[in-house]
Amino acid sequence: MIQINQIYYLKSSDGEISELGECGGSLTTLMKFLLENKIVDGVLAVEKGNDIYDAVPALICDADEIGRTAGSLHCGTLNIAKILVKYFDEFPDLKLAITAKPCEAKTIIELGKRGKIDLNNLIMVGVNCGGTFPPVTTRNMIETVFHVNADDVTNEEIDGGKFIIKRIDGSKKEINIDQLEEGTYGRRYNCRRCEMNIPTSADVSFGNWGVSGSYAGEYSCVEVFSERGAEILAKAIESGYLLVKKPSKESVENRGRINTSMVNLAKKWQIHDFEENENDILSTFTLYQEEFKKCIKCFGCRDACPVCYCQDCTLESGTPEWVDKGRIPPSPLFHLERLIHMVESCTNCGQCEDVCPMDIPLAKIWHQINLKVTELKYSPAMDSQELILFDFFKRPE
Ligand code: SF4
Ligand code: SF4
Ligand code: SF4
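Under our numbering, think of the first position of the sequence shown as 1086, with each following residue one higher.
Written as structure tokens, this is what we have:
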């Protein structure tokens, strides 16, 4: 009997997938079960692109192809919710399962609240996340810190706070992530500040935290967050796709301790990164005026942001009268407009900062401002039934 808010050890009964996937291949096997039993039409996940630094989205509709999405890509920095919206726009009745990091799961709930995604048509299979690495910087890091040709690396993994690489000849090298982050390398800055490492807004979440002893590397630790999550796991176990064990009390406690230490680390980074202030939302925004002045108005952050999606962007509509059609108004009005539209829903996913050609620390700014909204007892995506604070999408007729 699989129950909500309970934690289980799961592994695949399929030897081939166990080899391909991480921690027993249970997530990949769950997706295979959903496809083979026609519970979903497709699975949206990521697969390796040109190399291990390149994660690209993949829509898999044939269960035999699911192995393409097995394993983790820690340089996979995209927010797949942006792509999910496009599929649902085109095919509203599609039933999909998606693999989602916590920031993606939060984004999906925010988009669901705004009617952009029908959450009834989506099974969200979460993955625990301790952070992602910027691809280009990580290639440089491998060459300068490990003295290894980045193209000779066949696999990377994070385990026990270490970044580990495996080379073509099978040899491994590792370094503490803390040590990397004392210098210029390490996780993306938004990830360092991220306090949500287990996606509680998903149906279930997979990870290796809390898997120890003879189970390490063989099983995933899986937490159930919804009735639907409990139901699909139970069916996959009953049908023989997944093997289940109950973890020990110590393992569950250990998982909790790892999560708490990640949250505490994130809070330290927030104190380190944020401009000091005790002020309200607008005053916090004002702290970053000098940064906004660097903006060249390329629209990149708006286009990349998964929660900034108005069909007709005010900035291009020619109204109100202070907007000259097609031209972004001078600083800080462009960013003020963005502030109004996503202040409550920013999920600190970092897409805006990743694309900004002027290196404006956008995710940091929006994260700091969004935490001010959280002080108003409103957290983005923590409750899919929660009302939207500022509903700009339902304008009066
Ligand atoms: S923002 Fe959080 S959930 Fe998203 S990739 Fe970074 S650490 Fe993971
Ligand atoms: S503003 Fe930036 S960090 Fe926030 S949701 Fe949009 S892209 Fe992600
Ligand atoms: S991506 Fe950077 S430069 Fe481009 S509009 Fe956004 S803030 Fe301005």
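Note that beta-carbon positions come from the ideal geometry of N, C-alpha and C, so glycine has one too.
What are the residues that DSSP puts in a beta bridge with residue i?
| i | result |
| --- | --- |
| Val1488 | For the chain, the structure presents residues 1086 to 1482; residue 1488 sits outside this window and is missing. |
| Val1128 | Ile1145, Ala1182 |
| Val1238 | Arg1252 |
| Asn1261 | Lys1247 |
| Lys1133 | Ala1140 |
Quick one: is residue i buried, meaning 16 or more other Cβ sit within 10 Å of its Cβ, or exposed?
| i | result |
| --- | --- |
| Gln1453 | buried |
| Val1221 | exposed |
| Cys1395 | exposed |
| Val1128 | buried |
| Pro1187 | buried |
| Glu1482 | Only weak support exists for where Glu1482 lies, its pLDDT of 38 falling under 50; the coordinates are left without a value. |
| Gly1268 | exposed |
| Cys1146 | exposed |
| Lys1479 | Confidence at Lys1479 is low in this model, with a pLDDT of 43, below 50, so its placement is unreliable and no value can be given for it. |
| Phe1477 | Residue placement at Phe1477 is poorly supported in this model, since its pLDDT is 45, which falls under 50; the coordinates are not used for a value here. |
| Asn1205 | exposed |
| Asn1293 | buried |
| Ser1305 | buried |
| Lys1171 | exposed |
| Ala1130 | buried |
| Gln1374 | exposed |
| Asp1099 | buried |
| His1420 | buried |
| Ser1336 | buried |
Considering Cα atoms alone, identify which of the options is closest to residue i.
| i | options | result |
| --- | --- | --- |
| Ile1283 | Gly1341, Leu1367, Val1128 | Gly1341 |
| Lys1198 | Leu1461, Asn1433, Val1392 | Val1392 |
| His1520 | Lys1251, Ser1305, Thr1217 | With the chain represented from 1086 up to 1482, any question about residue 1520 goes unanswered, as that position is not in the structure. |
| Tyr1326 | Ser1464, Glu1280, Gln1436, Ser1111 | Ser1111 |
| Ser1485 | Gly1385, Ala1190, Phe1176 | Look at the range of the chain in this structure, 1086 to 1482, and you will see that residue 1485 is not part of it. |
| Ser1464 | Asp1444, Glu1438, Val1428 | Val1428 |
| Tyr1094 | Thr1459, Glu1228, Glu1303, Met1086 | Glu1303 |
| Asn1455 | Phe1359, Ala1389, Asp1444 | Phe1359 |
| Ile1260 | Ile1253, Leu1169, Ile1249 | Ile1249 |
| Ile1092 | Ala1466, Val1307, Tyr1172 | Val1307 |
| Asp1444 | Thr1459, Gly1385, Glu1460, Leu1421 | Gly1385 |
| Gly1134 | Ser1157, Asn1122, Leu1119, Ile1124 | Ser1157 |
| Pro1219 | Ser1097, Cys1108, Asn1275, Asp1126 | Asn1275 |
| Thr1229 | Met1347, Val1309, Gly1271, Asp1203 | Gly1271 |
| Ala1448 | Leu1461, Lys1462, Pro1417, Thr1432 | Thr1432 |
| Gly1245 | His1426, Ile1343, Asn1362, Cys1383 | Ile1343 |
| Val1440 | Gly1298, Ile1102, Cys1398, Ile1381 | Ile1381 |
| Thr1345 | Gly1215, Glu1132, Phe1176 | Gly1215 |
| Ile1425 | Ala1466, Thr1399, Gln1436 | Thr1399 |
| Asn1364 | Glu1460, Ser1286, Phe1173, Ile1087 | Glu1460 |
| Ser1097 | Gln1088, Cys1108, Pro1446, Asn1090 | Cys1108 |
| Leu1418 | Asn1225, Ser1103, Thr1371 | Thr1371 |
| Ile1168 | Leu1181, Cys1160, Pro1142, Ala1148 | Pro1142 |
| Asn1090 | Asp1149, Val1309, Glu1175, Lys1352 | Val1309 |
| Ser1311 | Pro1332, Leu1144, Glu1323, Ala1287 | Ala1287 |
| Thr1154 | Asn1225, Asp1263, Thr1113 | Thr1113 |
Look up residue i in the DSSP assignment and say whether it is helix, strand or coil.
| i | result |
| --- | --- |
| Gly1271 | coil |
| Leu1095 | strand |
| Leu1372 | coil |
| Met1116 | helix |
| Ile1243 | strand |
| Gly1385 | helix |
| Ala1466 | coil |
| Asn1364 | coil |
| Gly1211 | strand |
| Arg1153 | helix |
| Ala1351 | helix |
| Asn1206 | helix |
| Arg1480 | Model confidence at Arg1480 stands at a pLDDT of 38, short of 50, so the residue's coordinates are unreliable; what they give is reported in the following sentence. Note: Arg1480 maps to coil in three-state DSSP. |
| Lys1320 | helix |
| Ala1301 | coil |
| Val1221 | helix |
| Asn1455 | helix |
| Lys1334 | helix |
| Leu1424 | helix |
| Leu1327 | strand |
| Ile1517 | For residue 1517 there is no data in the structure shown, the boundaries of the chain being 1086 and 1482. |
| His1232 | coil |
| Gly1100 | helix |
| Gln1436 | helix |
| Glu1429 | coil |
| Cys1380 | coil |
| Pro1177 | coil |
| Thr1345 | helix |
Please check if any C-beta of chain C sits within less than 8 Å of the C-beta of residue i.
| i | result |
| --- | --- |
| Thr1223 | Protein chains in the displayed structure number just one, and chain C is not present. |
Any heavy atom of ligand 5 closer than 7 Å to the Cβ of residue i?
| i | result |
| --- | --- |
| Thr1217 | Ligand 5 is absent from the structure shown, which contains only ligand 1, ligand 2 and ligand 3. |
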